[in-house]
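Novice:
Protein chains in written order, with our numbering: chain D, 7 to 324; chain P, 18 to 290.
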């Protein structure tokens, strides 16, 4: 606008321009003020996390060794390890994933693609969302009554896996529904317009295209489940386990056995809880080391979720 | 062959060469409701075999709603209701009848959408999907059909070396021709186009229009367009719609040169719409 001569009506008045600039400057002070407040808020959260993590890392890191991962818990802190705990966590997660993924994806797909739009569906939807907010210990109580006593599954890996599966089911359902909703209507109509049935559309298009989002939801759910302590304690996981469950893979035909499902077990957070409740200082260091491993496991799962989403979405653009 | 079916309603202008015309489909007193809203009001219109029929009219006049009735797209959403009939020939069935499965209708009448909507799969899989839906398993058969459809959509030359590339890597115009190939691969009796060039640049638009001109030799085409010149260029018959009614239907030349109704003339000359 520099080349245009200023007309008296619009902008020749220097005083008005100065007032305008002062006004803008005073508005911009709020930008600056909020940026400052925002950074403070952020720094507070990050600093708290870093402090917690660093303290745990400093205490626990010296304890991390090959032996720590391959030893059973022991009365002597120096020779105690997390073998039974990480194997237990892994097997419980396996059961959780195998139970929660088909149930959650099936329920989510049904709600999005098949369920009639009426008040029954609305009530179910609200309940599913609310289930995500139920305290985890309530799931533990439910599982104690249902899985342990009613179904007689015992205080086993199967019970723990199913309990945690219930816990993360809402997360998987919600992730599935959101991933499905992100698929443009045009894609869905494109399939129907070719004469596809609902099931063909769902299995050939909806579920495959929603997979990145579903997997992300599943892994984030599992990352939550792996740190859960309360429901596992409620169903009666042991805190001191000096043996491994029977191996799922055998050398004899049929090479698979399911005895491990009924085996007693412990998991990482319970092992930590056990050690933190011991008076000796050395056990606190063990707890810190186990905590470090648990945090790294969780972060690794989240990293896997991000990587998977990136990989699978490369082919899908909308 | 019995007598050629004739439209049972007087649609105003009688096409000059009507004796050579074969009726492929016909809307008879068709009304359509989105819930309580009556979007189409008692439409009567013939669709002639292997001719291009264009639906024009201002936004919200119901032309897309009318088009989407032909492949029962409205059945996908709750609360929609048809009244009246769309009869399809030569078998003379009412494709809107609750007794007729919408999937059967969609297998006979294909559709190309406003925005190119290829599946996030390979070029090959996009074209093959219609056959997969129909349970075709023989690879050689699918291969042949994919090539035939891509040739039919004037895309074969551009993609023949990279059939297994992702469809998203094609340009917008190529994607739309891929969608046409996908619709052609199942040998539809009628091809519906819902503003197929509104998301494309002028060059891609010209290639789609040229394609429509070639396809009309083999398949009956119904095309919705908001571009009057496009309707004038590609169609044999034109229906002008306004507020859910067909104001005028006739041969495209007649509609554009001497429309019988003042409203049509106002819209076509740009005084309205």
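Even for Gly, the Cβ is constructed at its ideal location relative to N, Cα and C.
#1: Return no unless some Cβ of chain D is closer than 8 Å to the Cβ of residue 90 of chain P.
#2: Can you name the residues of chain P whose CB is closer than 8 Å to the CB of residue 294 of chain D?
#3: Run through DSSP, which three-state label would residue 26 of chain P get?
#4: Should residue 132 of chain P and residue 192 of chain D be called a contact, given that it needs their Cβ atoms to be closer than 8 Å?
#5: Assuming residue 207 of chain D and residue 194 of chain D are in contact, meaning their beta carbons sit under 8 Å apart, how far apart are those beta carbons, in whole angstroms?
#6: Considering Cα atoms alone, identify which of P/112, P/288, P/129 is closest to residue 121 of chain P.
#7: To the nearest angstrom, how far is it from the Cα of residue 222 of chain P to the Cα of residue 266 of chain P?
#8: First and last residue of the alpha helix (DSSP H) that includes residue 88 of chain P?
#9: Do residue 276 of chain D and residue 304 of chain D have their beta-carbon atoms positioned less than 8 Å apart in this structure?
#10: Could you tell me the boundaries of the alpha helix (DSSP H) in which residue 272 of chain D lies?
#11: Can we say the region 163 to 181 of chain D touches the region 99 to 115 of chain P, given the rule of at least three CB pairs closer than 8 Å?
#12: From residue 197 of chain P to residue 72 of chain P, what does the alpha carbon distance come to, in whole angstroms?
#13: So, residue 241 of chain D versus residue 150 of chain D, is the Cβ gap smaller than 8 Å?
#14: Would you give the residue range spanned by the beta strand (DSSP E) that residue 255 of chain P belongs to?
#15: Does chain A have any CB closer than 8 Å to the CB of residue 188 of chain D?
#16: Considering just the uninterrupted stretch of the alpha helix (DSSP H) at residue 39 of chain P, what are its terminal residues?
#17: Determine the contact status of residue 57 of chain P and residue 87 of chain P, defining contact as a CB-CB distance below 8 Å.
#18: Can you give me, in chain order, the residues of the region 129 to 144 of chain P that have a beta carbon less than 7 Å from any beta carbon in chain D?
#19: Who are the Cβ neighbours of residue 230 of chain D in its own chain at under 8 Å, not counting the five residues just before and after it?
#20: Residue 241 of chain P lies in the beta strand (DSSP E); which residues open and close that run?
#21: When we look at the beta-carbon of residue 118 of chain D and count the other beta-carbons within 10 Å, is it buried (16 or more) or exposed?
#22: Are the C-beta atoms of residue 203 of chain D and some chain P residue less than 8 Å apart?
#23: Check each candidate in D/218, D/312, D/300 and name the one with the smallest Cα separation from residue 95 of chain D.
#24: Would you identify the three-state DSSP class for residue 18 of chain P, choosing helix, strand or coil?
#25: By the criterion of Cβ-Cβ separation under 7 Å, what are the contact partners of residue 206 of chain D in chain P?
#26: Have a look at residue 33 of chain D and residue 50 of chain D and give me their C-alpha separation to the nearest angstrom.
Specialist: The structure says:
#1: A Cβ of chain D is located within less than 8 Å of the beta carbon of residue 90 of chain P.
#2: Chain P residues near residue 294 of chain D: none, gap ~46 Å exceeds 8 Å.
#3: Since pLDDT at residue 26 of chain P reaches only 48, below the 50 mark, its modelled position is unreliable, and no value is offered.
#4: Going by C-beta atoms, residue 132 of chain P is nearer than 8 Å to residue 192 of chain D.
#5: Sure, about 6 Å apart at Cβ, within 8 Å.
#6: If we check each option's Cα against that of residue 121 of chain P, P/112 comes out closest.
#7: Cα-Cα distance, rounded: 25 Å.
#8: For residue 88 of chain P, there is no enclosing alpha helix (DSSP H), as DSSP gives it neither H nor E.
#9: It is not a contact, given that the beta carbons lie outside the stated cut-off.
#10: Where residue 272 of chain D is concerned, there is no enclosing alpha helix (DSSP H), given that its DSSP letter is neither H nor E.
#11: Look at the beta carbons and you see the region 163 to 181 of chain D not touching the region 99 to 115 of chain P: under three pairs across the two are nearer than 8 Å.
#12: Each residue's Cα considered, the two are about 19 Å apart.
#13: Their beta carbons are under 8 Å apart, which means residue 241 of chain D touches residue 150 of chain D by this criterion.
#14: 254 to 259 is the span of the beta strand (DSSP E), which, as asked, contains residue 255 of chain P.
#15: Included in the structure are the protein chains D and P, with no chain A among them.
#16: Per DSSP, residue 39 of chain P belongs to no alpha helix (DSSP H) and is neither H nor E.
#17: It is not a contact, given that the beta carbons lie outside the stated cut-off.
#18: The residues in question are 130, 132, 134, 136, 137.
#19: Cβ within range, chain order: 173, 174, 177.
#20: 237 to 241 is the extent of the beta strand (DSSP E) around residue 241 of chain P.
#21: For residue 118 of chain D, the number of other beta carbons within 10 angstroms of its own is at least 16, and it is reported as buried.
#22: Using beta-carbon distances, residue 203 of chain D counts as an interface residue toward chain P, with a partner under 8 Å.
#23: Here the closest residue by C-alpha is D/300.
#24: Reliability fails at residue 18 of chain P, whose pLDDT of 38 lies under 50, so the model's placement of it is uncertain and the value that follows must be treated cautiously. Looking at residue 18 of chain P - three-state DSSP - the assignment turns out to be coil, as it is neither helix nor strand.
#25: Neighbourhood of residue 206 of chain D in chain P, by CB distance below 7 Å: 150, in chain order.
#26: Those two C-alpha atoms are separated by around 27 Å.
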